[in-house]
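J.: Below is a structure I'd like to ask you about.
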Amino acid sequence: MDTDGTHETRPARTGHIPRPAAPPKPSHAPTAGPTLGDWLRVPRSSDGPGVWTYGHVPRAAEEPEVTPTRQLVSGALIALLAGLLLWSLLWNGYLGGFWLWPLYMFTPDSWAGTFPSVVASYVWYGIVVGALVFGFGRLGRWPELLGRLLRGRAVRPLHSAQPAPQAGGEDDPVRWPQLRGAGLSEVADRLEGEAGGGRMNDVDYARIHRAWDSVRVDPSRMRAFADSVREKGAGACVHPSGDRDLPVRAARHDLLARQVLLGTVEDGVRNPYARRGTSLALDPDVLGTSLLAVGPSGTGKTQRLVRPVVESLALQALAGQAAVVAVGAAGAQLGPDAAYDVVVRIGDPASVYDLDLYGGATDPDEAATLLAEAFVGDVPGIDVRRAATALAQLLGPFRAAYGRFPAVPELRELLDQVPAAFDALRRELAADGAARHAMLRELDARTRQHGAHGDPGPALADRVALLDRPAFAGFFDTTGQGRPFSLRALEHPIRVRVDLPERGHADASRMLARLLLAQFNAAAAARADRSLFAFLAFDDASHTLTAETVRGVQRLRSAHAGVLLTLRTLDDVPEALRTPLLGAVGCRMAFAGVTTWDGKRFAEAWGTEWVETRDVTHRTVFADQPLTRAIHAFRKLVTGKAVTTDAVTVRQVERERWSASDLAHAVPPGHAVLSLTSVSGERAAPLLVRLAGTA
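Anchor point for the sequence shown: position 665 equals 665 in UniProt numbering, and the numbering is continuous, going up by one each time.
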C-alpha cells in the first residue's frame with residue numbers, strides 16, 4: 001500500500017526501520033476485557049490534562065456543601081414534631097373548622113351521614129395529611145436524610161451524560177461511518193465483519209484509522225488503501241515487523257485516546273475536588289512537554305512509570321502513530337525483546353544491532369557537536385564549543401580522505417596525535433592535491449593546538465578511551481560491516497531498546513546516554529515529517545543532562561516529541577541545571593521518599609495558591625448569676641470541660657501547593673505527586689496519585 005511512509009520497510013543505514021530482532025510473532029493477539037465493539041462505543045470525555053477519558057464522568061468543580069448527618073436528623077425530628085402538633089390542633093378543632101370548608105362546599109347536603117360522605121371526608125383528610133407531610137418534609141429535608149441513610153454520603157452518577165453510540169446505528173464506530181461517507185461501503189463492510197468476527201483488535205482499529213487519516217490528507221492513496229483492506233481485512237496496513245500486538249501487556253491502554261492508565265487520584269483534601277477519585281493517564285498531549293520523575297530506588301519508577309509509558313508508545317508505533325526509544329541498564333524490566341523492532345545490547349557480542357556513534361550525521365561539524373556534548377558536556381571547565389571544534393578538525397579530514405567517520409580506535413589515535421595515524425591521514429589528503437587543501441589546514445590547526453593551554457584534546461581522548469575497551473570491540477563500527485542503528489529512523493514507527501553496560505562500564509554508559517539524548521534532540525528537530533510522535537525514555541538519567549541537552553528538551557514540544565527522565569535524586573544533576581531542568585519539562589513527578597532538599601525544588605516549581613484558613617479561639621464563659629454558675633459547674637462535673645465559646649476567624653492566605661516536608665513525609669508508599677502540562681498549555685495542579693503499577 002502507498003501510505004505516508006509509516007508502514008514501509010527500508011534499510012537501517014538510511015535511517016529507516018530495520019527488520020525485527022526476533023522472529024515474527026503471531027499476527028493477531030486478542031484483546032482482553034470487553035469486545036472491540038463495546039470498547040469503541042464507550043463515551044470518552046475529558047475535563048483536563050491527564051484524565052483517563054474512557055467512560056469518564058466529569059465532577060463538579062467544587063465540593064458541594066454537605067450538611068452534617070446529625071444536623072439533618074435533628075431538623076427532620078423537629079419538622080416531624082411540628083407537623084404532628086399542627087395536625088393535632090386541626091383534628092381536635094383548636095384552630096377552628098376553617099380547614100373543612102372545601103369538604104362542605106363540594107359535597108351536597110343530601111350526603112350527610114351517608115357512605116359517600118364518609119369516603120369524601122377520608123379523601124380530604126388524606127389530602128390535608130399529604131400536604132402537611134410534603135410541606136414539613138421539605139422543611140425538614142427528609143428526602144436528603146433518607147438518601148443519605150440508604151446510599152451513603154458519596155453518591156456519584158453511574159453513567160456519562162454523553163450518550164453512547166447505538167450498536168448498528170449510523171454513528172456506530174464499528175460500522176466505520178467515515179468510510180461509508182467517502183463511498184467505501186464495501187471496505188467498511190469488510191472491516192465491520194472483521195470486528196464482529198473477533199479478528200480485529202484495538203491495535204488494528206487504531207492502525208487502519210491512522211492509515212485512513214493519511215488517505216484523507218492525500219486522496220491519491222485511497223485506491224491502494226481500499227485494495228489492501230479488501231485483501232487483508234484487519235491485517236491491512238500492518239507494521240513493517242508484521243506484529244499486530246505486543247506479546248504481553250503489563251498495563252491498561254486505550255489506543256482510541258492514545259492513553260495509558262497510570263493510577264488513581266487520591267480522594268482526599270490534598271487534591272482538587274474535581275479530580276478526586278478519577279483515573280489518571282498519560283498520552284502524547286502531555287508527554288510532548290516531557291516528564292521528569294524523581295524518587296529513590298525501590299519506589300517503582302520502572303514498573304509503575306517507565307514500563308507502562310514505553311509499552312503505550314510501542315502499541316502506538318504498531319498503529320503507525322509514534323516512534324519510541326527506551327534506554328536502560330542491561331536487565332532493566334522494559335519489556336521482552338519480542339516487543340521491539342531493534343534491541344541494541346552495547347557490549348554484548350550476541351547483539352544483532354550496533355549503535356551509530358555519529359547518529360547518522362554526514363556533516364562533520366554536526367557530528368562533532370553531538371560527540372563533544374556526550375564526551376565532555378559534563379566536565380567542569382571545558383568549553384563544549386572548543387571541544388566540538390577540535391573534533392571537527394579531525395572528523396572533517398578523515399571523512400574527506402576515507403569517505404566515512406573514524407571508528408573508536410582511529411578517533412582515539414587522532415586525538416592522542418599518534419604519528420603513524422596522522423602521517424597516513426596526511427598522505428591520503430595530499431594525494432588529491434588542491435581539492436583537499438582546506439582539510440590539510442584543519443589538520444595542521446589541530447596539530448598546533450594540541451597540548452596548548454585549555455586544549456580539550458586530552459580530555460576528549462580520555463573519554464574516547466572509555467569506549468576503546470575489549471568489551472566494546474566490534475561496536476560503533478563505521479566501515480559498513482555491522483548493523484548500526486541511527487536515531488534518524490525516528491521518522492518511522494519504530495520500537496527500539498538500548499541496553500547500556502551499566503554494571504561494568506558505568507562511565508561509558510553515562511557517556512552513551514548523553515550521546516543518545518543529544519542525538520535524539522537533534523534528530524527529532526530535524527525530521528521532515530513530524531506526524532509521528534517521537535519519544536525517548538530513560539530508565540535512569542543520572543549524570544546524563546548537560547546545559548545544551550536541557551535546552552534541547554525544552555524545544556522538543558514544538559517538534560512533536562518528548563522525553564521521560566527518571567532520577568534517584570536531583571543531586572545527580574549539576575546544581576546549575578536543577579532549576580532549568582524543572583523549568584524545561586512540563587510534567588513533574590515526585591515519588592514517595594524524596595528528600596526534603598529535592599522536595600524544596602519541586603515545591604518552588606509548583607508555586608503557591610490561595611487557601612482559606614479557619615482559626616478557632618476558645619474562651620471560657622464566666623457566669624454572673626448564681627443559677628447559671630451552678631449549671632456551668634454541673635456541666636463541668638459531668639463533661640470534665642469548662643463551658644467555652646468559640647470565636648472563628650476566616651482568612652485567605654498564600655501557601656505552597658506541596659511543601660518540601662509534605663513531599664518527603666506525607667506521600668505514602670506506592671504513591672507520587674504529579675503535575676501535568678499539555679502541549680497546548682493547559683495545566684493540572686499537583687495531584688497525589690496512587691500508582692497502578694504493572695500487571
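Don't be surprised by glycine CBs; every beta carbon is placed ideally from N, CA and C.
Measure the CB-CB distance between P284 and S678 and report whether it falls below 7 Å.
T.: no
J.: Ordered along the chain, which non-local residues of its own chain (more than five positions away) have a Cβ less than 8 Å from that of L85?
T.: For L85, where only same-chain residues beyond five positions count, there are no Cβ hits under 8 Å.
J.: Rounded to whole angstroms, what's the CA-CA distance from R619 to Q652? Just pull it up for me.
T.: 24 Å
J.: Report the rounded CA-to-CA distance for L532 versus S558, giving the unit in angstroms.
T.: 13 Å
J.: May I have a chain-ordered list of the alpha helix (DSSP H) segments no shorter than 4 residues that lie completely inside the stretch 81-158?
T.: List check, alpha helix (DSSP H) in window: 101-106, 115-140 and 142-151.
J.: Alpha carbon to alpha carbon, how far is A452 from A528?
T.: For A452 and A528, the gap between their C-alpha atoms comes out near 42 Å.
J.: Buried or exposed: which applies to Q316, given that a residue is buried once 16 or more other Cβ atoms fall within 10 Å of its Cβ?
T.: buried
J.: So, are the CB atoms of V408 and F476 less than 7 Å apart?
T.: Judged by their CB atoms, V408 and F476 are nearer to each other than the 7 Å cut-off.
J.: Just verifying my parser: in three-state terms, what is the DSSP assignment at V248?
T.: If DSSP states are grouped into helix, strand and coil, V248 belongs with coil.
J.: Expressed to the nearest angstrom, what Euclidean distance is found between the alpha-carbon atoms of V496 and D218?
T.: 29 Å
J.: Alpha carbon to alpha carbon, how far is L146 from V203? Give it in angstroms, no decimals.
T.: 48 Å
J.: Roughly how many whole angstroms lie between the Cα atoms of P23 and S185?
T.: In this prediction, P23 scores a pLDDT of 38, lower than 50, which makes its location untrustworthy; no coordinate-derived value is stated.
J.: Assign K641 to one of two classes, buried (16 or more other C-beta atoms within 10 Å of its C-beta) or exposed (fewer than that).
T.: exposed
J.: Report yes if the CB atom of D468 is closer than 7 Å to the CB atom of R404, and no otherwise.
T.: no
J.: Return the first residue and the last residue of the alpha helix (DSSP H) that E428 is part of.
T.: P419 to A430
J.: Which residue marks the beginning of the alpha helix (DSSP H) containing R657, and which one marks its end?
T.: Segment: none, R657 is in no alpha helix (DSSP H) and carries neither H nor E.
J.: Do you know offhand how far L687's Cα is from G37's?
T.: 33 Å
J.: What are the partner residues of L567, as DSSP defines its beta bridges?
T.: Looking at the DSSP output, L567 bridges to V294.
J.: Taking only three categories from DSSP, how would you classify A61?
T.: coil
J.: Among the candidates G97, D598 and D213, whose CA atom is the shortest distance from the CA of S661?
T.: D598
J.: Just to confirm, is the Cβ distance from L565 to A523 under 7 Å?
T.: For L565 and A523, no; Cβs fall outside 7 Å.
J.: Skipping 5 residues on each side, what residues in its chain have a beta carbon closer than 7 Å to that of G75?
T.: G140 and R141
J.: For L577, which of T447, D378 and A390 has the nearest alpha-carbon?
T.: D378
J.: Under 7 Å, do V310 and L334 count as touching if we go by C-beta distance?
T.: yes
J.: Could you spell out the range, first to last residue, of the alpha helix (DSSP H) harbouring Q178?
T.: P177 to G181
J.: Can you grab the Cα-Cα spacing for the pair A684 / L280, in whole Å?
T.: 11 Å
J.: Quick one: is A590 buried, meaning 16 or more other Cβ sit within 10 Å of its Cβ, or exposed?
T.: buried
J.: Taking C-alpha atoms, which residue in L517, W606, D571 and A526 lies nearest to V550?
T.: L517
J.: Which runs of the beta strand (DSSP E), 3 residues or longer, sit entirely within the stretch 586-625?
T.: 587-591 and 608-620
J.: Which residue wins for smallest C-alpha separation from W52, given the options A630, N92, Y402 and T278?
T.: T278
J.: Based on DSSP bridge pairs, tell me the residues matched to F533.
T.: Looking at the DSSP assignment, F533 forms a beta bridge with A322.
J.: For a test of the three-state rule: what should DSSP assign to L676, helix, strand or coil?
T.: strand
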